[in-house]
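Residue numbers for the sequence shown follow the numbering used here, beginning at 2 and rising by one.
Just so you know, even glycine gets a beta-carbon here, dropped at the ideal spot from N, CA and C.
Here the structure is a predicted model, which means the values were calculated and not measured.
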Amino acid sequence: MSMSKSSYSQYNRKNWEDSDFPILCETCLGNNPYMRMMKDKHGRECKICERPFTTFRWQPGKGARYKNTELCQTCAKVKNVCQTCMFDLEYGLPVQVRDHELQIADNIPKQGANRDFFLQNVERTLGQGDGTQPIAQIANNMDQAAHDRLRRMARSQPYYKRNAPHICSFFVKGECKRGEECPYRHEKPTDPDDPLSRQNIRDRYYGSNDPVAEKILNRAAAAPTLSPPADTTITTLYIGNLGPSGTQQVTEKDLNDFFYQYGDIRCLRVLTEKGCAFIEFTTREAAERAAERSFNKTFIKGRRLTIRWGEPQAKRAADNSNYVTPVPSVPILPIPDGLAPSTSSQQRFTGSMPRPPAPPTFAAPTRLVVPNVRPVKAGEPSSSSSSIYYPSQDPTRLGAKGDVIE
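This is the structure:
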């Protein structure tokens, strides 16, 4: 059965998008609560589907550059990304990193009639729901371990330095005449061979050949791991970054509610002044389970907690037993002749330099007054502020009584 011309045109029609507010991440939105956003209905075409859509332009904050929406909302909802930076809305990571951890295969048509037909089906699916839930494979992926890895790689706070202005090309050439009024940065550019300087929108959206994603994946592969100590009697974990005292500090109840899922807790001590805590489990298996599942991926009240194995105080005292307190007023031993740096070039250099003048000499005093210090009896504490380490440091050792010596 052949398709009529009218039904064909209606089946492959291109709907122009009209929206009231963009889909943005917290970083692109900025930290200015009184931001003014400019709206341009059907202002430009989408960089992915090439359909006209409503664009928005705003300044995220003071000193930041103006930003624009680059994608239509349909393409942004397909990948669950921001319309400006094309980073994932949930984790703030590139699409390539998210798809790599969640094992999502990119099978979206990229051009032609297949792309238009796919987007038309997506719009029909979005129209049946409320439009707030992700679609396709992102919503069906329930791998908790992969989500934990993504949460560990993500930033805990927005990175507003990403909104900084671009580098002034006239300043690089030494021809910028605006000075402090220039809206661009007066800095030297980075290495032109840096892979981060070669980025494009389509590669970032489809998650292929993204240098930012490759950098994050390489850094995650080289990240340190928390290995359990050899002493199997250690069942204590150190928890840091609880925050300062106040309403935003992580409390003992918050820690107890989070760590009880890994095993029975024997003791929980919170040091409010230092912003840390020590939690002791009843078994070693529970402590290892808590350390493995909470290391670098524990967020309570918006804070990433620092998880380490606790070190017993007895072991720490044994490590410091060989430490000797240095004695004051004792000269440093000279360097042995065999270890002293003596090269021929250094000898020639020092031999050609004139010797410094000799120190001035002074005549011996005619009347020397010895301080009248009472001898210290046995068992009586010394009145001097400094401790006496040697007999030669005791001013009353020879029995001086303040006599005048001629």
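Buried/exposed call for residue i, threshold 16 Cβ in 10 Å
{"i": "residue 209", "result": "exposed"}
{"i": "residue 256", "result": "buried"}
{"i": "residue 394", "result": "exposed"}
{"i": "residue 389", "result": "exposed"}
{"i": "residue 101", "result": "buried"}
{"i": "residue 34", "result": "exposed"}
{"i": "residue 272", "result": "exposed"}
{"i": "residue 197", "result": "exposed"}
{"i": "residue 99", "result": "buried"}
{"i": "residue 87", "result": "buried"}
{"i": "residue 56", "result": "buried"}
{"i": "residue 254", "result": "exposed"}
{"i": "residue 71", "result": "buried"}
{"i": "residue 21", "result": "exposed"}
{"i": "residue 195", "result": "exposed"}
{"i": "residue 114", "result": "exposed"}
{"i": "residue 313", "result": "exposed"}
Chain-order list of residues whose beta-carbon lies under 8 Å from that of residue i (same chain, five-residue window excluded)
{"i": "residue 289", "result": "229"}
{"i": "residue 124", "result": "16 and 75"}
{"i": "residue 161", "result": "28, 31, 32, 61, 62 and 65"}
{"i": "residue 1", "result": "This structure gives no information on residue 1, because the portion of the chain shown stretches from 2 to 407."}
{"i": "residue 173", "result": "189 and 190"}
{"i": "residue 1", "result": "Since the first residue of the chain shown is 2 and the last is 407, residue 1 is not available in this structure."}
{"i": "residue 67", "result": "58, 59 and 60"}
Residue i, enclosing alpha helix (DSSP H) - first and last residue
{"i": "residue 236", "result": "Segment: none, residue 236 is in no alpha helix (DSSP H) and carries neither H nor E."}
{"i": "residue 98", "result": "96 to 103"}
{"i": "residue 165", "result": "Taken as a continuous stretch (DSSP letters only), residue 165 belongs to no alpha helix (DSSP H), as it is neither H nor E."}
{"i": "residue 204", "result": "202 to 207"}
{"i": "residue 259", "result": "253 to 260"}
Close beta carbons around residue i, own chain, < 7 Å, minus the five adjacent residues each side
{"i": "residue 25", "result": "83, 84 and 85"}
{"i": "residue 367", "result": "Reliability of the predicted coordinates at residue 367 is poor, the pLDDT of 48 falling under 50, and the value obtained from them is presented with this limitation in mind. Excluding residues within five positions, none has a Cβ falling inside 7 Å."}
{"i": "residue 385", "result": "Bear in mind that a pLDDT of 47 at residue 385, under 50, signals an unreliable position, so the number given afterwards is only what the model happens to contain. Nothing listed; no residue qualifies."}
{"i": "residue 120", "result": "50 and 75"}
{"i": "residue 410", "result": "The question about residue 410 has no answer here: the residues shown for the chain are numbered 2 through 407."}
Delimiting residues of the beta strand (DSSP E) encompassing residue i
{"i": "residue 43", "result": "38 to 46"}
{"i": "residue 408", "result": "No information on residue 408 is available, as it lies outside the stretch 2 to 407 that the chain covers here."}
Pair within 8 Å by beta-carbon distance, residue i and residue j
{"i": "residue 242", "j": "residue 153", "result": "no"}
{"i": "residue 292", "j": "residue 264", "result": "no"}
{"i": "residue 93", "j": "residue 155", "result": "yes"}
{"i": "residue 270", "j": "residue 278", "result": "yes"}
{"i": "residue 280", "j": "residue 260", "result": "yes"}
{"i": "residue 95", "j": "residue 222", "result": "no"}
{"i": "residue 202", "j": "residue 185", "result": "no"}
{"i": "residue 206", "j": "residue 311", "result": "no"}
{"i": "residue 112", "j": "residue 211", "result": "no"}
{"i": "residue 276", "j": "residue 244", "result": "yes"}
{"i": "residue 79", "j": "residue 105", "result": "no"}
{"i": "residue 147", "j": "residue 103", "result": "yes"}
{"i": "residue 18", "j": "residue 52", "result": "yes"}
{"i": "residue 305", "j": "residue 157", "result": "yes"}
Three-state secondary structure (DSSP) of residue i
{"i": "residue 220", "result": "helix"}
{"i": "residue 155", "result": "coil"}
{"i": "residue 227", "result": "coil"}
{"i": "residue 79", "result": "helix"}
{"i": "residue 294", "result": "helix"}
{"i": "residue 29", "result": "helix"}
{"i": "residue 62", "result": "coil"}
{"i": "residue 88", "result": "coil"}
{"i": "residue 180", "result": "helix"}
{"i": "residue 280", "result": "strand"}
{"i": "residue 126", "result": "helix"}
{"i": "residue 368", "result": "Since pLDDT at residue 368 reaches only 48, below the 50 mark, its modelled position is unreliable, and the value read off the structure follows with that caveat. Three-state DSSP puts residue 368 in coil, outside helix and strand."}
{"i": "residue 266", "result": "strand"}
{"i": "residue 173", "result": "helix"}
{"i": "residue 304", "result": "strand"}
{"i": "residue 392", "result": "helix"}
{"i": "residue 240", "result": "strand"}
{"i": "residue 245", "result": "coil"}
{"i": "residue 53", "result": "strand"}
{"i": "residue 116", "result": "helix"}
{"i": "residue 186", "result": "strand"}
{"i": "residue 197", "result": "helix"}
{"i": "residue 16", "result": "coil"}
Neighbourhood of residue i by C-beta, 6 Å cutoff - its chain only, sequence neighbours within 5 removed
{"i": "residue 398", "result": "392"}
{"i": "residue 39", "result": "58"}
{"i": "residue 149", "result": "298"}
{"i": "residue 41", "result": "56"}
{"i": "residue 1", "result": "Absent from the structure is residue 1, since the part of the chain shown begins at 2 and ends at 407."}
{"i": "residue 43", "result": "17 and 53"}
{"i": "residue 77", "result": "24 and 84"}
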